[in-house]
Structures are given as structure tokens and as C-alpha cells.
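Mapped onto our numbering, the consecutive letters of the sequence shown carry residue numbers 58 to 455. For glycine and all other residues, C-beta sits at the position ideal for the given N, C-alpha and C. Quantities reported herein were computed from a predicted structural model and do not represent experimental measurements. Okay, structure first, notes after.
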Amino acid sequence: MAAVNSASLGSDDTIYSADSIEFCPFSSHSNLLACGTYQLAKDEREDEPASNETTEQEQEQEQEQEQEQESYRAAQEDSDDDEEEVKAEKPMLRLGRLLVYDVQGDKDDSLDLINTACVETAAILDMKWSHQLINGNPTLGVADASGDLSLYQFKTEGNDLEIVTKYMTNTENRLALSLDWSNRVQASAAPNIAVSLSNGDITILEMDPSSSTLTETLTWHAHDLEAWIVGWNYHDTNVLYTGADDCRLKGWDTRMDCSYATFTSKAHRMGVCSIQSNPHDEFTLATGSYDESVLIWDTRSMRQPLSTTETGGGVWRLKWHPTRKDVLLAGCMHNGFHVIHYDEGWSTGSIGSSFMEHKSLAYGVDWSYAEPPTPSEMPLVVSCSFYDHLIHVWRPSP
């Protein structure tokens with residue numbers, strides 16, 4: 058299968074660097090998406106949008122941003138020293154914005170991205186929607202650079218997100234790097250949210266829908282370096298998986314002593330930064346890494362992967378198709394976004410569509426849950442990139 062390059066149907070400048078993006082999974086709001094941004098600023102700098110013209114000072118600032126981001130994203134061995142030098146000169150603030158967009162239009166070749174809301178936050182590193190309504194409302198979890206896990210809801214028919222609760226995990230200047238809801242497949246009256254932290258810890262929070270409060274039920278030290286990603290086994294929510302800068306993929310059973318992993322895999326050659334359980338196939342797990350490979354696993358036997366697919370870029374995010382078990386979307390940092398198709402036995406993955414119009418690090422990506430115009434077409438995809446602070450909407454080829 059020869060990969061087809063998809064064209065952009067619409068785009069927007071997020072001003073701050075964009076790294077996380079999520080379509081709302083409910084039909085009542087399927088035209089809406091949330092985008093999270095991450096921006097570094099010196100503490101004396103006014104928090105204003107950058108102009109379109111790049112000054113010499115802004116170029117220097119972007120280089121400083123790249124130094125810190127590489128230490129947190131690309132696991133470069135010497136970038137930690139660079140970051141410390143920058144911090145010694147001027148303390149840096151990690152600023153963020155939570156943006157809401159309405160995707161409008163009925164043309165095949167053009168869509169409008171209307172920014173309907175903007176919430177000032179700490180820098181955002183990950184976001185996930187609950188796939189179950191909470192008190193009748195779509196609910197978005199947001200992990201940020203202050204170490205907080207915040208929940209937002211669409212409270213009315215409008216497009217504004219309102220914060221309903223915040224849990225502060227931070228006691229040691231830790232960043233909350235990723236989160237995952239336990240209720241993607243198995244509905245729960247009190248869903249759990251797993252959060253991974255920059256010190257290698259994993260925290261499990263239980264939500265009380267009646268009061269919208271979060272209670273910490275379990276925390277343990279899973280990795281010695283940044284725990285980039287955590288993901289539940291959606292079919293058995295006693296089990297979850299973690300990946301970190303230590304190049305380890307680990308499994309955990311919360312019914313057991315989490316001082317010990319149920320397995321530790323070194324199949325990835327670099328930091329593990331993306332994990333997603335297949336919601337349509339009980340025993341299938343996808344993982345991605347800075348080593349530019351996507352591995353498919355049978356969770357009943359984690360000794361070795363079923364297949365390896367090379368993507369040409371570090372795999373920052375993975376998203377299974379909303380309804381098909383054999384199609385996987387990947388955000389691949391220095392090499393754009395790709396849609397991978399798998400054969401019946403998971404032994405081979407081939408790239409069917411790619412989107413290469415982002416000119417910077419490809420991070421956040423997600424499928425639309427709205428039905429495509431015809432059954433043979435793929436759903437829309439939204440993607441975002443970092444230094445050029447852009448989001449694009451596009452449709453992969455079938």
C-alpha cells in the first residue's frame with residue numbers, strides 16, 4: 058500500500074505552541090475540539106500573544122524553548138545542562154491555554170476552525186475526554202506543568218468549558234505528563250483517572266460524580282525517569298501500562314503490590330512516550346517510542362511484540378480508529394502524522410495516509426467521532442504542531 062498525502066481542509070494559529078488536541082467524543086458536541094498549548098516565558102515578560110513577525114529576541118526565546126522542550130521531549134543527553142543554564146539566567150514560566158474550536162462547513166475541500174473559547178492555564182502536556190458522560194456532561198481531563206489534574210465540562214448547550222474540579226499532585230515541582238480515563242469501554246459510576254508524573258510516579262484518582270471531587274487512591278514510583286505516558290487496559294481496568302524515558306514499558310495490576318511491575322519490556326530502544334489499549338479488540342495494545350517505531354502487542358503474552366512498524370519519527374501519540382480495530386493514527390514528531398493499517402493477524406502494519414503540512418514537531422492528534430459523509434470515507438482528523446503553533450483538520454484516504 059503506497060501512502061497518500063492528505064491535504065489540509067482548514068487550519069488556525071494557536072499563538073502558543075500546541076502539543077495536545079482532542080475531539081469531543083459525544084454526538085451532541087462532535088463538532089467541537091479542545092487544544093492544549095505549552096509556552097515558556099521569562100517571569101518579567103508580559104503574557105501577550107507573539108506577533109507574526111519574528112524578532113531577534115523572539116528567535117533567541119524560541120531557542121531557549123527548544124532547549125527545555127528537548128530535555129522533556131526528545132531525551133537528548135546534554136539538553137539537561139542547557140536547560141539548567143537557561144534557568145540560571147532567568148526563571149522560566151510555563152504558560153498554557155485551553156482552546157475550544159468549532160469545526161464548521163459542509164464542503165469537501167474546506168472547513169472553518171472557529172475559536173470559541175480560551176482559558177488561561179499552566180502549560181498543558183496532555184488532555185483526554187471521558188468517554189462516559191459525567192453528571193450528564195462531556196468532561197475533559199487536563200494534565201499540566203503545575204502537576205495538576207483539572208476537569209472541565211460543557212455545562213450547557215454552549216461551547217464554553219467550565220472547570221469543575223482540580224487535584225494538585227505537585228509537592229516537588231513535578232509536571233503532570235499524561236492521563237487516561239478507565240471508562241473508555243467499561244462504564245463506571247466512579248471512574249478512575251491515571252496520571253503520570255515527571256519524577257516517574259503514577260497516581261490513581263477516583264472521581265465522585267455526585268460531588269465532582271477527585272480522591273487519590275494509589276501512588277507509586279514506577280520509573281526512575283520521566284513517565285511520559287500511562288494507559289489503562291480498557292477491557293480490564295485493574296491493569297494499566299506505563300512508559301518512560303528509561304526506555305521501559307511496564308505493566309501493573311492495581312490489585313497487587315505496585316512495588317513490582319507485572320512485566321518490564323525493553324523492546325523499545327529509546328524512551329516510551331505513547332500507549333493505547335485497543336477499545337475494539339480485547340487483547341491488543343499499541344505502544345510508540347522516540348525510537349520511531351510502533352509496536353503491537355498481545356496483552357496475554359508481553360514477551361515480544363506481534364509487529365513493528367517504522368514511522369520515521371518519534372511516536373508521541375497513538376489513537377485507535379473510533380470504530381475499526383485495525384486502523385491506528387500516529388503523531389510522529391519530526392515526520393508528520395500517519396494512519397497505519399494492520400492485517401488480520403497484526404503481523405504487518407502499512408502506512409495508508411500521511412499528513413505532512415506541519416512544519417514543526419508533530420505532537421497532538423485525534424479522530425473526529427462524527428460520522429463521515431459516506432461509509433467508505435475515513436473520519437476527520439485534527440493535528441497540532443509545536444514551534445509553528447498550528448492546528449490542521451484533514452481527512453485520510455480510505
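Assuming residue i contacts residue j (C-beta within less than 8 Å), just tell me the rounded distance between them.
i	j	result
Leu182	Leu232	6 Å
Trp289	Asp237	5 Å
Ser331	Val372	5 Å
Leu90	Tyr158	5 Å
Asp338	Lys382	4 Å
Pro436	Pro430	Going by Cβ atoms, the distance from Pro436 to Pro430 rounds to 10 Å, so no, they are not a contact pair.
Thr178	Gly204	Wrong, their Cβ atoms sit about 13 Å apart, outside the cutoff.
Tyr399	Ile353	7 Å
Glu414	His449	6 Å
Thr222	Leu271	6 Å
Leu386	Val351	That belief does not hold up - the Cβ atoms of Leu386 and Val351 are roughly 10 Å apart, past 8 Å.
Ile220	Ser207	6 Å
Ser53	Leu170	Absent from the structure is residue 53, since the part of the chain shown begins at 58 and ends at 455.
Report buried or exposed for residue i, applying the criterion of at least 16 other Cβ atoms within 10 angstroms of its Cβ.
i	result
Asp138	Legend: pLDDT at Asp138 = 43, less than 50; position of this residue unreliable, value from coordinates given subsequently. Looking at its Cβ environment, which holds fewer than 16 other Cβ atoms inside 10 Å, Asp138 is exposed.
Gln189	buried
Glu283	buried
Tyr347	buried
Ser433	exposed
Tyr317	exposed
Arg374	buried
Gly193	exposed
Phe394	buried
Gln133	Its pLDDT being 38, under 50, Gln133 is placed unreliably by the model, and the measurement read from it follows with that caveat. The residue is exposed, with fewer than 16 neighbouring Cβ atoms inside 10 Å.
Glu349	buried
Phe211	buried
Glu273	exposed
Lys307	buried
Glu79	buried
Arg360	exposed
Met184	buried
Gln161	exposed
Ala200	buried
Ala59	exposed
Val423	Note on residue identity: the sequence assigns Asp, not Val, to residue 423. Buried is the call here.
Ala202	buried
Asp51	Not covered by the structure: residue 51. The range shown for the chain is 58 to 455.
Check each candidate in the options and name the one with the smallest Cα separation from residue i.
i	options	result
Ala343	Cys304, Cys92 and Val384	Val384
Leu297	Pro455, Thr356, Ala179 and Ser63	Thr356
Phe340	Asp76, Asp293 and Ser187	Asp293
Asn62	Gly409, Thr178 and Val351	Gly409
Phe443	Met435, Cys389, Leu437 and Tyr399	Cys389
Gly369	Leu418, Ser334 and Ser235	Leu418
Ser253	Val329, Asp314 and Phe83	Val329
Thr311	Val351, Arg305, Asn295 and Thr319	Asn295
Trp309	Ala251, Leu97, Asp201 and Leu208	Ala251
Gly421	Gly93, Ser358, Ser84 and Asp70	Gly93
Tyr426	Ala59, Ser77 and Ser84	Ser84
Ser74	Leu447, Ile171 and Asp265	Leu447
Pro82	Lys164, Asn240, Leu155 and Ser68	Asn240
His378	Arg452, Phe320 and Pro195	Arg452
Thr226	Gly257, Leu352 and Asn335	Gly257
Ser459	Ser334, Asn249, Pro455 and Leu168	The shown model of the chain, from 58 to 455, leaves out residue 459, and the question about it has no answer.
Asp302	Ala279, His391 and Thr71	Ala279
Ser77	Thr173, Leu156, Asp169 and Trp354	Leu156
Lys416	Asp445, Val438 and Ser267	Asp445
Trp285	Arg305, Ser440 and Pro266	Arg305
Pro266	Asp281, Asn249 and Ser255	Asn249
Ser358	Tyr95, Trp186 and Thr319	Thr319
Arg151	Ile171, Cys175, Asp166 and Ala180	Ala180
Thr173	Thr380, Thr71 and Gly345	Thr71
Thr380	Asn335, Glu401 and Ile397	Asn335
Ser187	Tyr209, Leu168 and Ser167	Tyr209
Leu168	Val176, Gln333 and Ala64	Ala64
Ser269	Met149, Asp163, Tyr95 and Ile191	Ile191
Quick check: does the Cβ of residue i come within less than 7 Å of any heavy atom belonging to the ligand FAD?
i	result
Val157	Questions concerning the ligand FAD fall outside what the structure shown contains, since it holds no ligand whatsoever.
Note to self: Report the start-end ranges of each beta strand (DSSP E) in the stretch 338–367 that is 3 residues or longer and not cut off at the edges.
What the structure shows: 341–346, 350–355 and 364–367
Checklist line | In chain order, each beta strand (DSSP E) run of at least 3 residues that lies wholly inside the stretch 227–311 | finding: 233–238, 249–254, 258–265, 270–278, 286–289, 296–300 and 306–310
Item checked: Uninterrupted beta strand (DSSP E) stretches inside the stretch 153–185 (no shorter than 3 residues) -> 169–179
Notebook entry, point to check: Using 8 Å as the Cβ pair cut-off and three pairs as the minimum, do the stretch 199–216 and the stretch 241–249 touch?
Noted result: no
Check: So, do the stretch 258–273 and the stretch 323–339 have three or more beta carbon pairs nearer to each other than 8 Å?
Finding: no
Note to self: With a threshold of 8 Å, are at least 3 pairs of Cβ atoms found where one atom belongs to the stretch 360–371 and the other to the stretch 398–418?
What the structure shows: yes
Next item on the list: Just list the beta strand (DSSP E) runs in the stretch 418–447, keeping only unbroken ones of 3 residues or longer that don't cross its boundaries, in chain order.
Entry: 419–424 and 438–442
Note to self: Give the list of continuous beta strand (DSSP E) stretches no shorter than 3 residues that lie fully inside the stretch 371–410.
What the structure shows: 374–377, 384–388 and 394–399
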